[in-house]
Amino acid sequence: MGKALLYNCQNGAWISAWGVLYTGLLLVSSTFATEPDIQLRDTCPPSFSLSDDNRCSLRHMYQLYDSLQDSGIGGLKTALPKARDGFSPQQIDLGRLLFFDPILSADNSLSCATCHNPKQGFSDAMGRSVGIGGHVQSRSAPTLWNSTFLSSFFWDARASSFEEQALGPLFSPHEMGNTPEQLMASLNSAAAYKGLFKQAFPNQKTPLSINNVIASLTAFQSSLVSLNSRYDQYAHGYHQALNDNEIAGLNVFRSFVARCSQCHTPPLFTNQQVAVIGTPEPEGLARDVGAEQTFNSKVLRGGFKVPTLRNIAQTAPYMHSGRFKTLREAAEFYTGGRGHAVPKGEDLLLHWHISEPNLTSNEIDQLVDFMKTLSDESFTPATPKQAPSGLPFKHMENAHEKT
259 MGKALLYNCQ NGAWISAWGV LYTGLLLVSS TFATEPDIQL RDTCPPSFSL
309 SDDNRCSLRH MYQLYDSLQD SGIGGLKTAL PKARDGFSPQ QIDLGRLLFF
359 DPILSADNSL SCATCHNPKQ GFSDAMGRSV GIGGHVQSRS APTLWNSTFL
409 SSFFWDARAS SFEEQALGPL FSPHEMGNTP EQLMASLNSA AAYKGLFKQA
459 FPNQKTPLSI NNVIASLTAF QSSLVSLNSR YDQYAHGYHQ ALNDNEIAGL
509 NVFRSFVARC SQCHTPPLFT NQQVAVIGTP EPEGLARDVG AEQTFNSKVL
559 RGGFKVPTLR NIAQTAPYMH SGRFKTLREA AEFYTGGRGH AVPKGEDLLL
609 HWHISEPNLT SNEIDQLVDF MKTLSDESFT PATPKQAPSG LPFKHMENAH
659 EKT
């Protein structure tokens with residue numbers, strides 16, 4: 259059996275070859291909106307196929323499998339949840355331009371890409387993100403990779419849709435600090451956006467609207483798909499994709515001793531549930547109640563949504579507040595014993611999977627090596643050469659600095 263057939267649109271090379279069996283599953287394109295003309299692209303992103311009615315539908319290998327569960331641990335041939343797709347190429351591309359444009363913030367100082375930087379795994383390499391006016395947030399920015407498969411958003415699972423998620427940062431006074439009225443005024447003052455919204459929403463009388471801003475951001479974020487890691491090639495049958503040490507790490511990951519896969523369930527590498535694991539807060543900070551506030555439930559005090567491990571090697575530091583700087587530190591936390599980091603007097607109902615695995619140092623190294631095989635940024639979208647608003651991308655330069 260040969261390798262999986264996947265195409266890298268950025269360098270024009272086939273990433274391994276698995277015969278013609280899966281030809282046609284991936285429709286790829288490297289055409290993006292070009293500046294200064296800024297004509298929105300009319301072809302879908304990589305791994306999406308274009309329908310006759312101008313809609314992009316995701317195509318991937320996991321669609322060949324039926325089961326959403328495999329004994330709760332995510333077997334190698336387990337299906338993915340349904341993706342959020344069906345947007346036009348123009349809507350996706352408009353979302354890309356909006357995502358990188360600092361015009362979305364009240365003072366034009368930061369964009370969505372400031373905290374979700376593609377060069378940092380669509381995160382920001384910070385334990386606690388920084389919003390408008392230098393306001394330090396209480397949590398880190400989650401990656402956006404594969405968010406098209408998610409059913410809830412934010413660390414505390416307070417949003418149940420892309421649209422709800424997008425509204426939060428835009429109009430939070432401490433994040434992007436905007437208001438619907440100010441945002442519409444800013445976009446209407448940028449001549450380029452009037453034409454771009456007409457291209458993306460050609461059948462609407464008033465294409466430039468808040469609803470269409472949110473729809474475009476949703477379209478773009480739903481196109482961020484990472485399913486071509488070495489692990490994926492291994493899962494689809496090319497077992498040479500992983501070396502013996504990485505396979506040993508996979509076995510640790512799936513073992514009943516470590517139990518990693520029971521929460522970080524393949525192939526999404528999250529079960530999308532809220533879990534209380536007793537992660538320590540940064541020094542001097544009070545306990546973040548997490549999902550307790552979302553669901554008004556004491557049982558979920560200190561609980562957070564299980565994050566995906568896709569591209570985890572690119573998104574340090576780790577946990578909701580960036581408590582651990584390295585993957586090894588994060589893995590070691592679980593070997594310290596149930597509740598070992600919970601302060602005295604703090605009553606948390608820890609998830610039943612949290613135990614004392616007593617992994618050896620070698621097993622932890624193998625586990626970390628395996629998690630690094632989940633990296634795949636081959637379909638990272640291009641950063642626009644310039645913002646339609648004409649604003650500079652200095653906010654992106656600042657975001658590249660790791661703290």
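Just remember that my numbering sits 258 ahead of the position in the sequence shown, which is counted from 1.
Built from N, CA and C at the ideal position, the CB exists for glycine as well.
Exposure of Lys556 is indicated by the presence of fewer than 16 other C-beta atoms within 10 angstroms of its C-beta. Leu526 is positioned such that its CB atom lies no closer than 8 Å to that of Thr631. With a threshold of 16 other beta carbon atoms within 10 Å, Val388 meets it and is buried. Relative to Asn569, the option among Asp634, Gly597, Arg317 and Gln520 whose CA is nearest is Asp634. Residue pairing for Ala533: DSSP places it in a beta bridge opposite Phe562. Beta-carbon to beta-carbon, Pro376 and Thr641 are separated by about 7 Å, close enough to satisfy the 8 Å threshold. In the DSSP secondary-structure assignment, Ala417 is bridged to Phe411.
Beyond the five residues adjoining it in sequence on each side, Gly597 comes within less than 8 Å, by CB distance, of Gly536, Leu606, Leu608 and Ile612 in the same chain, given in chain order.
For the pair Leu508 and Glu590, the Cα-to-Cα distance works out to about 16 Å. The residues Leu316, Ala341, Arg342, Asp343, Gln479, Ser480, Ser481, Leu482 and Val483, in chain order, have a CB closer than 8 Å to that of Thr406 in the same chain once the five nearest residues on each side in sequence are set aside.
CA-CA distance, Asp546 to Cys314, rounds to 39 Å. In chain order, Asp359, Ile361 and Ala448 place their CB closer than 7 Å to the CB of Ser647, counting only its own chain and leaving out the 5 sequence neighbours on each side.
Shown here, Ser307 sits in a strand according to DSSP, grouped into three states. Taking 8 Å as the upper bound for CB-CB distance, Asn312 and Ser363 are not in contact here, some 31 Å apart. At the C-beta level, Gly560 and Val534 come within 8 Å of one another. The criterion of a C-beta distance shorter than 8 Å is satisfied by Cys302 and Pro347. Beyond the five residues adjoining it in sequence on each side, Gln572 comes within less than 6 Å, by CB distance, of Gly379 in the same chain, given in chain order. Counting of Cβ neighbours within 10 angstroms places Ala588 among the buried residues, the total reaching 16 or more. Exclusion of the five residues before and after Gly548 leaves Asp414, Gly560, Gly561 and Phe562 as the residues of its chain whose Cβ lies within less than 6 Å of its Cβ.
Cβ-Cβ distances below 7 Å link Leu466 to Leu445, Asn446, Tyr451, Lys452 and Phe455 in the same chain, with the five nearest sequence neighbours on each side left out; the list follows chain order. Pairing Asn486 with Ser636, the inter-Cα distance amounts to about 8 Å. Annotation: Ala544 to Ser579 spans about 12 Å, alpha carbon to alpha carbon. Distances from the CA of Gly392 to each of Thr372, Leu402 and Phe411 were compared; the closest alpha carbon is that of Thr372. Tyr492 and Phe511 have their alpha carbons spaced roughly 15 Å apart.
Straight through space, the alpha carbons of Phe582 and Ile390 are spaced by roughly 25 Å.
Counted as a single uninterrupted DSSP element, the beta strand (DSSP E) harbouring Ser315 occupies residues Cys314 to Leu316. Taking a 10 Å sphere around the C-beta of Val394, we find fewer than 16 other C-beta atoms and assign the residue as exposed. By the CB criterion at 8 Å, Met442 and Ile472 fall outside the cutoff. Burial check for Val626: the Cβ neighbour count within 10 Å reaches 16 or more, so the residue is buried.
Taking C-beta separations shorter than 6 Å and ignoring five residues to either side along the sequence, the partners of His432 in its chain run Gly389 and His393, following chain order. For Arg416, the CB contacts under 6 Å within the same chain, skipping 5 residues up- and downstream, are Thr552 in chain order.
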